[in-house]
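Protein sequence lines correspond, in order, to chains A and B. FYI, numbering that gives the first Met the number 0 numbers position 136 of the first sequence as 135, with every residue one higher than the one before it. FYI, numbering that gives the first Met the number 0 numbers position 202 of the second sequence as 201, with every residue one higher than the one before it. By construction, the Cβ of each residue, glycine as well, lies at the ideal position given by its N, Cα and C atoms. Have a look at the structure below, then the notes.
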Amino acid sequence: MAIIIDKTKNVLVQGITGREGRARTKLMREFGTNVVAGCTPGKGGQDVEGVPVFDTVKEGVEKVGGVDISVIFVPAKLVKGAAIEAIEAGVQTLLLVPDRVPLWDTMEIAAVARDHGTNFIGPNTLGVISPGQAVIGMIGGKASSAREWFNEPMAGRTVGVISRSGGMTSSCGYYLSRKEIGLSTLVHVGGDSVIGLSIPDIALMFENDSDTDAIVIFGEIGGSQEERLAELMIEKKVTKPVVAYIGGKAAKEGTRFSHAGAIIEGNRGTHVGKVKALREAGAVVVDGFGDLPDAALDVLNKLQPAGA
Amino acid sequence: MARLHEFQGKALIKEHEVDVPRGQAVTSPAEAKNVAADLNCPVVLKVQAWTTSRKAQGGILFADTPDEAKEHAEKLLGMTFGNFPASEVLVEEKLKITHEIFVSLSIDDAAQSPVLLLDCAGGSGIEDRAETVARIPINPIYGADKDSIAHVVEQSKIFPEMHDDVVTTISKLVDLARKFEARALEINPLVVTEDLRIIAADCRITIDDYAVFRHPELGIEIARELDHPATDLERLAYEMEMNDHRGTFYFAQLPTAGHAETKGLIGFHGAGGGGSMMSMDAATNEGFTIANFCDTSGNPSVAKVYRAARIICAQPDLIGYFGSGSGVASQEQYHSAYGLAKAFIEMNMSIPVVVRLGGNSEDRAVEILHDACGKLPAPVECYRKDDTPAFCASRFAELVASGKTQSTDNKRTVPDFVGKDSSYNFPIQGGTVWIDHANCDDETASLVIKHSQELLKLNDEGKPVMAVDEESIAKKDSELIACEIECFRAGKPVVFVDLQIPQLDQAAA
C-alpha cells in the first residue's frame, strides 16, 4: 500500500481554472491521479482537461459521488476560506499548496479541521507522491520525470520519506532510488511553522503501512516535530527504523533561510537538540546529506540479512 | 521578522485601551531632557533595541533630574546591539510597582494554536520557574477564555479588588495579538502600581510576516527576519518580490566580517530553503565567505531569476558566483537558465560562475547556459542533479583558484540598438522590449518569429512586431527573454528585453 494518496483515491482540485491549478491537474492526471472534479466559484459548468468544474466543493462532492482529497491551488489569502469550505463539505484530507498563508489563518483551519476530524497537509507544501500510483501537489513536475526519478516499492527494501523541505523531498527520493531502494510514499509536510500533519503524525502512518520497511526524515532546525518523533520512538509507537538528516546546522538564531518554520527561537529547535533527541531514541542521524542513502541502505540490509 | 520596537508596540496597545507609562521616544539627548522635564518626575530611559538582555547590557538607566536624563540618553544613543545601532530611547515615568505579571503569547507548533504563558510572580528568573508558569491554550477563532485567566490571577497575591481589571487587561492583550496577527506578544512585566493602575511596563510584539499585508496601519517596511537593519539591496529585493508574485524570491545579506582571512566573498544563489542551506554549507566548507542568501524557487518567472542575479552581482568585492539548490527540482529549470544567462551576458561576467540546475529539463538548462555564456571573460559552468553540492563547490574553488578572476566593475551593458529610432519597441510589465529592425534581414526575422512562441509576427515590411495586444504580451517576459537568448545563441542578437533596475544602474554608473 501507500499512505495518504494512492490510485484509488478521488481527488478534487480547488482553484482548478487558475494558472497553477490547470497545469498541475494535467500533470497529476498524467502520473495516474484520479482527479474527478474541480472547483472555482463562478466557473461551474466548464471543464479543465476533461475534469468537470463546479462552483462549490459541496456541489462537486454531490455530483461526482465522493471525494477523498481536496488539493488547494488558490492565492494564499483565499486558502482559509477554501479549506474551511472543503472541510465543511466533508472532505477528509486536504492538501494546502500555497506559500505565504497567514499564520492565524492556518491556526483557524487547524481548529475547524480538529472539530471535523479532518486531516490536512501544508500549507506551503510541494505535495505527496506514492510512486507507481498517484501524486497530489507538484512533486516531480513532469510525470515522466517522476517515474524516472522515484522507484516503486520493492519487497523488503522500501522506505517512506518525510521532509520539511520541498526540493529536498525530491532529492531524497531521487538519491535513495539510485541505491536501489524502493519508495512507498514521499511526503513534504510544508515549510511553515504551523502545519497540519507533521513528521510524527506521518511517521505513525508509515508505521501502519505494510509496504514501508523504514522511515527517512529530512528535518530542519526550528519547531518541535523531530523531538516529538523521538518521543514516539521511545514510547515504541514508532518501531520501524528511522534514518534522518537535520538541515540548518550553520544557521544562527533569529535569521531564517526561506522556510518560516526553520527558525530557532530561544533554546528551542536547535540542531544539536534535535540530533541528540533522535539519536537517543535510536534513530540513525547522518551528518552529511550525501550519507543519507547509504545509511538507509545499511538499515534495510540489517532488517533483511543477505540471502534472505 | 516584522518586529515592533517597544515604543511602537506600546503606542499600538495604548490605542486599544491598555495603559502604558507616560513618556515618549526620543532620538536626541536634548529631547530626552525636555521629555523628562515635562514628565516632572523620576524617569527611566530604555534604549530601543531587539535584544533579550537589554538591562544586563546597560540599556536601561534611571534618572532623577532632566539633566541626568540628558546624560543617560547620550550614552544610550551611542550603543549598538549586534548590527543594530540604537536610534531611539524611550523616556518614561518611573513606576512605583507593587506586583509584576509575566504575560506572553506565542505559537505552539505542536498544538497548532496560540498559547498564553502567565505568571503572577513576574518575569525575572522565569526560565528557572518554567514548571510553575501557567500555560493557557488560546482558541484562534474565539480568542481569550477569561475564566482560565481568572483562575490563574485569583491564586496570586495581587490585591483582590484588582483581579477583575487585571483579567480584563490580559484578555485585551490576547485579543490584540489576534487582531494584529502577532506571532509573539510579550508584556514583561504587566504591573500593578502603588496608585492601583495596571500598566504594560514593557512590550514586545512580532507580527506574522505573511499577514503584514492586512495591516498597513502598522507601517512595517520589510517583513523579513533579519539580524541587521535592512540594506539598500535587501529593500530593493523585497520590493521586487512584492511586485512579482510568480514564485519565491528571498534575498538577505550575511555578515562578512573576517572574509579577508578566507578564500574570499562569493555571491550565493539557491533554490529551495533546504537545498540552499545544504549548498551554502558546501561552499563554506571550501573556505569561502558567503555574502548573501538568495532563494528563487517555486516556479519563478524568468525576470525574477534575472533580477535576483543582478542584485547578487551588485554586491562589492565578489570573487565568484555559486548557485545550487535542492538539485532535483520539480520546476522546469530552463527558465532559470534563461534568466541567469541574460544577467551574466549583460554583466559581461568576469568572475567564475558555477550553478547547479538539476531537475526537470536539466539538460536543456545546461545547454542554454553553456552556449550563451561561452564567450564571457570568466568561465560559467552548469551542473545537473547527479553532481553533488560538494562536487560543485570544489569545482568552483578550482575555477576561482585558477586565477581567471578579474575585478568586476558591476556595470551593465545594453545593446546599441536599444533606444534608437530605427528600433521597434513595446512596453511589458517592468520594462521594454527592443527589436533591432535595422539588422533584421529575412533570415534573422524568421529566426525571431520561430523563437517568439507566437507572440511576434512579421509586419508588411517583413520585420518582427507584436502579434497580440499590449495587455496580453505585458506578462510574457519569460517567453520574450527566452526569445532574446535564443537569438543571441544563434548569433543574431536583435531582440533585447530591457528590464531596468534604476537603483542598481545608478549605483553602478
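Between the region 229-237 of chain A and the region 242-257 of chain B there are fewer than three C-beta pairs closer than 8 Å, too few to call the two in contact.
By the CB criterion at 8 Å, A:G121 and A:G189 fall inside the cutoff. Contact note: B:N138 reaches chain A through A110, using a C-beta cutoff of 8 Å and chain order.
Counting only runs of at least 4 residues, the region 288-344 of chain B fully encloses the following alpha helix (DSSP H) elements, listed from N- to C-terminal order: 301-312. Taking 8 Å as the threshold, the shortest C-beta distance from B:R306 to chain A does not fall below it.
Only residues of its own chain outside the window of five on either side were considered, and among them V188 have a CB closer than 6 Å to the CB of A:I194, listed in chain order. Below 8 Å, enough C-beta pairs join the region 299-314 of chain B and the region 328-341 of chain B to call them touching: three or more. Around the beta-carbon of B:L232, 16 or more other beta-carbon atoms lie within 10 Å, marking it buried. Contact between B:T26 and B:S86 is confirmed by a C-beta separation of about 6 Å, below the 8 Å threshold.
Within the region 143-172 of chain A, those residues whose Cβ lies closer than 9 Å to any Cβ of chain B are, in chain order, S144, A145, W148, S162, R163, S164, G165, G166, M167, T168, S169, S170, C171 and G172. Annotation: the continuous beta strand (DSSP E) that includes B:D118 extends over S112 to D118. Boundaries of the beta strand (DSSP E) around B:D497: V494 to D497. As the crow flies, the alpha-carbon of B:R177 is around 11 Å from that of B:I106. Closer than 8 Å to the CB of B:K384 there is at least one CB belonging to chain A.
Around B:G286, no beta-carbon contact reaches into chain A at under 8 Å, the shortest distance being about 14 Å. Measuring C-alpha to C-alpha distances from A:V56 to each of A:T32, A:N33 and A:L93 identifies A:L93 as the nearest.
Contact check for B:T412 and B:E345: beta-carbon distance about 6 Å, within the 8 Å limit, so the pair qualifies.
Classified as exposed, B:A29 has fewer than 16 neighbouring CB atoms from the shown chains inside 10 Å of its CB. CA-CA distance, B:K93 to B:I169, rounds to 22 Å. Of all alpha-carbon atoms in A:P130, A:G287 and A:M0, the one lying nearest the alpha-carbon of A:K248 is that of A:G287. Taking the Cα of B:Q428 as reference, the smallest distance to any Cα among B:Q7, B:C119, B:A35 and B:N242 is reached at B:N242. Annotated three-state conformation of B:R196 is coil, per DSSP.
With three or more CB-CB distances shorter than 8 Å, the region 164-177 of chain A counts as touching the region 209-225 of chain A. Look at A:V52 here: in three-state DSSP terms it is strand.
In the structure shown, the three-state DSSP call for B:Q452 is coil. At a cut-off of 8 Å between beta carbons, A:K141 contacts chain B. Identification of residues in the region 25-50 of chain A having a C-beta nearer than 7 Å to some C-beta of chain B yields an empty set. A:M27 sits buried, since 16 or more C-beta atoms from the chains shown fall within 10 Å of its C-beta. A:A202 is outside the set of residues whose beta carbon lies under 8 Å from a beta carbon in chain B. For B:A24, the closest alpha carbon among the candidates B:E14, B:E16 and B:V43 is that of B:V43.
At least one CB atom of chain B sits nearer than 8 Å to the CB of A:D98.
Residues C202 and I204 of the same chain have their beta carbon placed closer than 6 Å to that of B:G8, with the five preceding and five following residues left out of the count.
Counting only runs that start and end inside the region 67-128 of chain A, the beta strand (DSSP E) elements of at least 3 residues fall at 68-71, 92-95 and 118-120. Contact with chain A is absent for B:V467, since none of that chain's Cβ atoms lies less than 8 Å from the residue's Cβ. Residue environment for B:Q154: exposed (fewer than 16 other C-beta atoms within 10 angstroms of its C-beta). Under the three-state reduction of DSSP output, B:Q428 falls in the coil class, being neither helix nor strand.
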